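Those protein sequence lines, which keep their order, are chains A and B. Per the numbering used here, residue 1 is the first one in the first sequence, and the count goes up by one each step. Per the numbering used here, residue 1001 is the first one in the second sequence, and the count goes up by one each step. We put the CB at the ideal spot given by N, CA and C, even for glycine. Being a predicted model, the structure only gives us computed values, none of them experimental. Everything below concerns the one structure shown next.
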Amino acid sequence: MTTTDKMLILTLLIFPAIILSTLMMLSSSSLAEPVAERDGSESRETYWGHLPPPVDSTMAVYRKPPRSVGEELVRLPWRVVGLPFKVSSGLLRHGIIYADEHGSFKQLRRLIGPMTGPFGIKFRLVAGGVGGLGFGLDTRHHALFDPGNEMRLLSKFSLNGSTAVALGLHLNSRESRSYLFSAGYNLLTAAHYYGRGATTVAEDESTYTRELAWCGVGVNQTILPRLTCGVSAYYSSAATRGPRNPGGDDPALADVFAITPTGYGERTGGLISRLVLVHDTTYDDGRPASGGMRSLGLSHFHETVGQGDDFITILADVEQYYPVVKSGQTLALRGFYQWIVAADVDSIPFQRLLTNETPYALRGYRDFRWRDRGLAVLSAEYRWPLWASTHADKLGLDLYLFSEHGQVFAHWDEINSGNLTHSYGGGLRLIGNGGFAGRLEIGRSGEGAVWRLQLNQTFQSAKGGVLNGFSQAVLR
Amino acid sequence: MDSVKRCFARIMLMLLSGLVCMGSVSAAELRLDRPVIWHEDDRRSVARPEERDPNLMWTMINDSVMLPLSRHTDPVRMFRRLAGLFGDTEAVSPAANVNSLDELPNSTWFTNRIGLRPLTTDEVSRGPGSGLGPERGAPWTVTSAKTQGVTPGFAVRDAAGFTFMIKFDPPGNLGMTSAAGVVSNRILHAAGYNVPDDAVVTFRAEDLVLGADVKIKGQDGRKRPMTQADLDDILDSVERLPDGRHLAISSRYISGRPIGPFAYRGLRKDDPNDHVPHQHRRELRGLYMFAAWINHFDTKQHNSLDAFDPGGFVKHYLIDFASTLGAGANGPTPRYGYECTLDLPIIFRRGLTLGFREDPWRRLTRPGNLSEVGYWESREFEPFAFAPLQPNTAFANCTNRDAYWAAKIISAFTDLHLAAICDNAGYQDPRASVYMARILCERRDKIARACFDRVPPLDFFRISGTRLEFADLGRERGIYPTAETRYRIRPVLVDVARRPLLEGEWLRSTETTFDLSLAPRVRTQAGVKSYLRLDLQVDRGAGWSRSVVVYCDTGAERVVALER
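Structural data, given as structure tokens:
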């Protein structure tokens, strides 16, 4: 074999091997090409010129540069101080994940959140006022046997022994004529009495126990668009007695007042007949920004148990909402007037007189602070949205400031600046997806500050009527 | 005595601020004699990481309360912010994965596309795949379904064997989220992010066949075999086009095995390729500006997805863009994009101002008679005021440089690009498409203006012989249409470690080129490799801007580094 032959054989052997290895290298490099954009960015000119291919010199593993000594130095005390927070955060994390995975938040949402179906039970928490801290349930059905039938059963049990249960039915609510049924029981172990009239003093505070029960029916008839006439008849029972805990911190009524008021220690019962005209131009009961509600009512009380005379109560309530600029603020104004027409006011049991029992009037004063045959109140409330989950009329939180001016009176001529009370305050209103949900409020008057967590409307109190669990036992 | 104490306190404060900020200086110490990095080495074959399934509730609480609290009490941020009052220091350290030209190398997170090279309108509007949805050769086989949630949906397999998720619009908003989802998908893809192949599709009930052994979750929460009646119920529950066809968005399943979402903070510990804490990744920081542009307010980590690529590495995707461009998975909501779900600073501000400071989103209205358009506008839009529903650590770390990087890409989208994207997104009403494109253009310009005001948009430097050429993106892209523009440049000779050796005088020009031979002569010291540092500034009538610093190897006619 000549050298030429050897070279030829070698070439024949080596050449295909070179070709093969080259092809393999090419194919492996294209397989292994780690970064190249599949749409061909590598092969195109960029604003920086031609980008180099991904080879060792143009590839890098990036890492966060280590912190400087200065940073570490500054961070050290923060880390030490923050250690408890870090541990708490870790515990919170595990707690939340555990609770979420076990469905606790879903259950909680069902209890306090918006109802997803026609029926739902919510947890209630009420605090402040003479009822004290209380818990209860709010059971609702928006379509009891029929989509137009609403039912609500409210209960509250306070730590001081007070109890309140109210059932409300609004049947045929979507039609022009609807029917109402309400029954309830309310035991208040720490009702207050300061005397009667606009000149009573806070130092005369005394306590007693009050027990109310009611049951009755009503009819609402739409006369004109947005104008409704309501007629109702209720049997009402109201009894008072000494405080549950006579030797407690609060003095008993009989210990403070040598002459106890009419009806103290007695039970009165009778029939209440009521006629109410309501003109409502608000669109909802959550965050009304415009429109208003005007109510005019006339009630007659005919006593069947007890020795009092019959009497009539006149009620006028005007509420108006004005939008302020464009950020969802609302100015809510309210004028409220109530007057008992009776031949002899002294014969009316004191528990049936007008008083600021509920937080709907004379906020900033303790419950029952004022009591007489007449009550007049002017309120202004400026509300502005603080937070809204999605839309302004959906779940959200409002902040508000209020100012309230009013008084009780026995005669017209008692209404004057000398007797007028003034209070102011503010609070937070929680709006649920289904409308108003509750408010946390602090009111301040010349007699100190009163705070309360309530689940009822101050304004629009008539809206919802019996469904809001309002006591129908007394004419308020 | 008090004055001495005050003076001492001030000095201590300044010293601490300086000490803290030294970190950023050392971090920027790049060598000029190294090549520019254009590829991140993160595609090494690794074992498949575990699937992540972060708890939604904790994520919301952590993102909305715990992490913002931690950020706002972080002393290093405070000192850096303090130092920022005296200099250019930002509250957070610079992004960790940028190259010496302040650009982002390609990686499993991001691939430079329109930011680095011109794209055709066809390329931009096609997206990552065909952009056509499932193949129409044969009926689509339904392989799974969901009835829970605001909108129902199901998965189908097409004739080619690819699986797509079909999702419908929320009630009363036919076409709104699906078209918006496609527009955002195309934009983010053209920008460089990894996204699935989305398309708006129309079909009739007879185009679907129910697959074998398909399960559905019943009202009681238990799974049972799905029937044709279930499929009919789903189709009956969604709105249709006037001609009876169904309209939906199809999203092709991404290749690789899904392993859960990526977090916007920290590392994926079981991924050895993941070296940069995510809050320090420029593409995630800069995503803030993209999210602001398209009003992508739902950027929680659950709208991202990591997939274990067949190549043996993890690839990172952004998914689900239904809540963008003023649309929302639950219907359009004006507040979204303007406030976080629980925006404590805004809540406090509202409380203190008695609500008299009007929220910009309250002025928003939807364009009349365009039912496919949600709260999509540009008048009230402020780029740096954008707020996703859940605050995001990476977004909170977005520095001016990160924002500039994003704005540079955003401004690369031309009016034609955006019109093409909207035209091909599946809007039923052509006026809606025109409107969407117009607002996109206006928001793009606002973002570019806001970012270019903070960082001079002088970019893409080239040395050609003795000439320095660069692009003024503000002028080229029409961001400052009326401004008279002039530039000045100062050459400085520096060593490898960027220490100045000799400083020249300022040269001025009204063009984006400079003849470096006119610069004062700088002498090279014997034995020391030197580079030319060029400090560039622009004046558009409001005084000279901050400097953009360019390092050149004049011998090699190469730009080797850049500082903003």
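Chain A within 8 Å of residue i, Cβ atoms only
i	result
residue 1023(B)	Bear in mind that the predicted position of residue 1023(B) carries a pLDDT of just 46, short of 50, making it too unreliable to give a figure here.
residue 1376(B)	no
residue 1563(B)	no
residue 1047(B)	no
residue 1101(B)	yes
residue 1254(B)	no
residue 1285(B)	no
residue 1479(B)	no
residue 1186(B)	no
residue 1548(B)	no
residue 1222(B)	no
Amino acids of chain A, ordered along the chain, whose beta-carbon sits closer than 7 Å to that of residue i
i	result
residue 1038(B)	51, 52 and 58
residue 1347(B)	386 and 387
residue 1460(B)	47 and 48
residue 1638(B)	As displayed, chain B neither begins before 1001 nor continues past 1564, which places residue 1638(B) out of reach and without an answer.
residue 1359(B)	327
Simplified DSSP assignment, three categories, for residue i
i	result
residue 356(A)	coil
residue 1560(B)	strand
residue 1537(B)	strand
residue 26(A)	Reliability of the predicted coordinates at residue 26(A) is poor, the pLDDT of 36 falling under 50, and no value is obtained from them.
residue 1289(B)	helix
residue 58(A)	helix
residue 1354(B)	coil
residue 1400(B)	helix
residue 146(A)	coil
residue 1225(B)	strand
residue 75(A)	helix
residue 1038(B)	coil
residue 1505(B)	coil
residue 107(A)	helix
residue 223(A)	strand
residue 1070(B)	helix
Under 7 Å from the C-beta of residue i: neighbouring residues of chain B
i	result
residue 97(A)	1055 and 1058
residue 64(A)	1096, 1276, 1277 and 1280
Beta-carbon neighbours of residue i, restricted to chain B and to distances below 9 Å
i	result
residue 201(A)	Within chain B, no residue comes near residue 201(A); the closest Cβ sits about 35 Å away, beyond 9 Å.
residue 399(A)	1350, 1351, 1354 and 1355
residue 87(A)	Those within 9 Å of residue 87(A) in chain B number zero; the least Cβ separation is about 13 Å.
residue 329(A)	1354, 1355 and 1356
residue 487(A)	Outside the displayed range of chain A (1 to 476) lies residue 487(A), so it cannot be described from this structure.
Closer than 8 Å at the beta carbon, the chain A residues around residue i
i	result
residue 1438(B)	Correct list: empty, because the minimum Cβ distance to chain A is about 25 Å.
residue 1471(B)	47
residue 1035(B)	52, 57 and 58
Contacts of residue i in chain A (Cβ-Cβ under 9 Å)
i	result
residue 1475(B)	Result: empty, since nearest Cβ-Cβ is about 15 Å, beyond 9 Å.
Beta-carbon separation (whole angstroms), residue i vs residue j, contact threshold 8 Å
i	j	result
residue 1399(B)	residue 1090(B)	4 Å
residue 1273(B)	residue 1046(B)	6 Å
residue 1337(B)	residue 1387(B)	7 Å
residue 1492(B)	residue 1533(B)	4 Å
residue 186(A)	residue 212(A)	4 Å
residue 130(A)	residue 191(A)	6 Å
residue 1187(B)	residue 1294(B)	6 Å
Interface flag, residue i vs chain B, CB-CB below 8 Å
i	result
residue 74(A)	yes
residue 45(A)	yes
residue 429(A)	no
residue 61(A)	yes
residue 352(A)	no
residue 451(A)	no
residue 78(A)	yes
Chain B residues whose Cβ lies nearer than 8 Å to that of residue i
i	result
residue 105(A)	1057
residue 93(A)	1058 and 1062
Proximity test, residue i beta-carbon vs the ligand NAD heavy atom, cut-off 7 Å
i	result
residue 424(A)	Because no ligand of any kind appears in the structure shown, any question about the ligand NAD cannot be addressed here.
Legend entry - Residues of the segment 1407 to 1418 of chain B with Cβ closer than 7 Å to any Cβ of chain A, in chain order: none
Inset, instruction - Residues of the segment 1064 to 1076 of chain B with a CB closer than 9 Å to any CB of chain A: list them in chain order, please. - result: 1066, 1069, 1070, 1073, 1074, 1075 and 1076
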